[in-house]
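Engineer: With positions in the sequence shown counted from 1, the corresponding number in this note's numbering is that position plus 3.
Every residue, glycine too, gets a C-beta built ideally from N, C-alpha and C.
Treat the numbers as computed from the prediction; the structure is a model and nothing was measured.
Input: one structure, supplied below.
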Amino acid sequence: MIKDDRGQVALEYLLILAISLILLVVFTLPLTEKSVENTLDISDSLDVNSDLSKIAQAVKQVYGEGQGSRHSVNVISKSNIKLNIADNHVSTTLKLKDGSNKRLNVNFKSSLDESSLQLKKGENVIIVEWPLGSENMVIYGK
4 MIKDDRGQVA
14 LEYLLILAIS
24 LILLVVFTLP
34 LTEKSVENTL
44 DISDSLDVNS
54 DLSKIAQAVK
64 QVYGEGQGSR
74 HSVNVISKSN
84 IKLNIADNHV
94 STTLKLKDGS
104 NKRLNVNFKS
114 SLDESSLQLK
124 KGENVIIVEW
134 PLGSENMVIY
144 GK
């Protein structure tokens, strides 16, 4: 009679394959999660920086055109953001997925007073205006 050990060999191969896959998942899943979080942080930073650049461009344009000019900017925000505005920059602090903060800053030249502006989640309309007879520009949300 011939003895057949092929069933045991196949079971051993399946067991080794299962353990290998479990180890692969255990070690690569946390790394994948961290890289996805970093990618999302970069995407959020670029979106917010783009919004700050749009606002800065409107401020530069109003400053260049002088008194009596007015421009509006549509900004779509993924979250609530507080903007800090001064005569030479607009900035915000973005909270990253790992709990740290990143400060984003866009410089320009203007006659804006120091103030802050709150962007709500969703669509925001920002008005940059330099009223006639005024020495300072104003910026506000509509």
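1) For Gly-71, which residues from the same chain have a beta carbon less than 6 Å from its beta carbon, with the 5 sequence-adjacent residues on both sides left out?
2) Thinking just about the alpha-carbon of each residue, which of Glu-138, Thr-42, Leu-115 and Gly-125 is nearest to the one in Val-131?
3) Roughly how many angstroms lie between the CA atoms of Gln-60 and Leu-43, to the nearest whole one?
4) What do you get for Ser-49, buried or exposed, if any count of 16 or more other CB atoms within 10 angstroms of its CB means buried?
5) Does the stretch 78-87 come into contact with the stretch 117-127, if we say contact requires no fewer than three beta-carbon pairs (one atom in each stretch) closer than 8 Å?
6) Find the nearest neighbour of Ser-137 within the set Ser-94, Thr-95, Gly-69 and Asn-41, judged by alpha-carbon distance.
7) When you compare only the Cα positions, how much space is there between Lys-112 and Gly-144?
8) Within 10 angstroms of its Cβ, does Thr-96 collect 16 or more other Cβ (buried), or is it exposed?
9) In whole angstroms, what separates the C-alpha of Leu-20 from that of Leu-32?
Structural biologist: So, to answer that:
1) Stepping through the sequence shown from its first residue, residue 71 is reached at position 68. Leu-135.
2) Position 128 of the sequence shown holds residue 131. Minimum Cα distance to Val-131 is reached at Leu-115.
3) Against the sequence shown, residue 60 aligns to sequence position 57. Against the sequence shown, residue 43 aligns to sequence position 40. Near 26 Å, if we compare the C-alpha coordinates of Leu-43 and Gln-60.
4) Taking the first residue of the sequence shown as position 1, residue 49 is located at position 46. Ser is not the amino acid found at residue 49; the sequence shown has Leu there. Flag for Leu-49 reads exposed.
5) yes
6) If you number the sequence shown from 1, residue 137 lands on position 134. When each option's Cα is compared against that of Ser-137, the closest is Gly-69.
7) Residue 112 sits at position 109 when you count from the first residue of the sequence shown. Residue 144 sits at position 141 when you count from the first residue of the sequence shown. The straight-line gap from Cα to Cα measures roughly 20 Å.
8) Position 93 of the sequence shown, counted from the first residue, corresponds to residue 96. It counts as exposed.
9) If you number the sequence shown from 1, residue 20 lands on position 17. If you number the sequence shown from 1, residue 32 lands on position 29. C-alpha separation (whole angstroms): 18 Å.
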